[in-house]
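The block underneath contains the structure these notes are about, expressed in structure tokens.
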Amino acid sequence: MNDNLVGTAGAFQFASVDLAGFQEADNEAVDRVLANTTLKLLMRRESQPIATCVGCGCDDYHACVDEASFQPCSWLRLDRESLRGVCSQCQQYVARWDNGDIQPTASSHK
Ligand SMILES: [Zn+2]
Ligand SMILES: [Zn+2]
11 MNDNLVGTAG AFQFASVDLA GFQEADNEAV DRVLANTTLK LLMRRESQPI
61 ATCVGCGCDD YHACVDEASF QPCSWLRLDR ESLRGVCSQC QQYVARWDNG
111 DIQPTASSHK
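For the sequence shown, this note's numbering gives the first residue as 11, with consecutive numbering after it.
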């Protein structure tokens, strides 16, 4: 991570110092470095989507805990596309989910 940032800054510096005749080629190189860095950051973010329970609103990072067993909830149903699910504390929602009563695009989405 830090090595990438240092490398990018170095490329910028090189481009500004060595302008004579090579400006276009250097800009292309810098663009390529920036595009690669941006792509990696985007891919890293996309690889960790946060799904939210349609029943209680808990998500991947804020699981609710069973008061009896002290076990964190898990997903009974999960739709990674719409980032919605039904957690193990909301079993009453499973039947509705399976029936299609819970629309992933309901209300808050756009
Ligand atoms: Zn829930
Ligand atoms: Zn939960």
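Note that CB positions come from ideal geometry on N, CA and C, so glycine has one too.
Everything numeric in this text was worked out from a predicted model, so none of it was measured.
Helix or strand or just coil, what does DSSP make of C100?
It is coil, neither helix nor strand.
Just grab the DSSP bridge partners of P59 for me.
P59 is not bridged to any residue.
Would you kindly work out how many angstroms separate the C-alpha atoms of H72 and F80, rounded to a whole number?
14 Å
Nearest-angstrom Cα separation, counted from V75 out to R106:
Going from the Cα of R106 to the Cα of V75 covers about 22 Å.
Anyone know if the C-beta pair for V40 and I112 falls short of 8 Å?
The answer is no: Cβ separation not under 8 Å.
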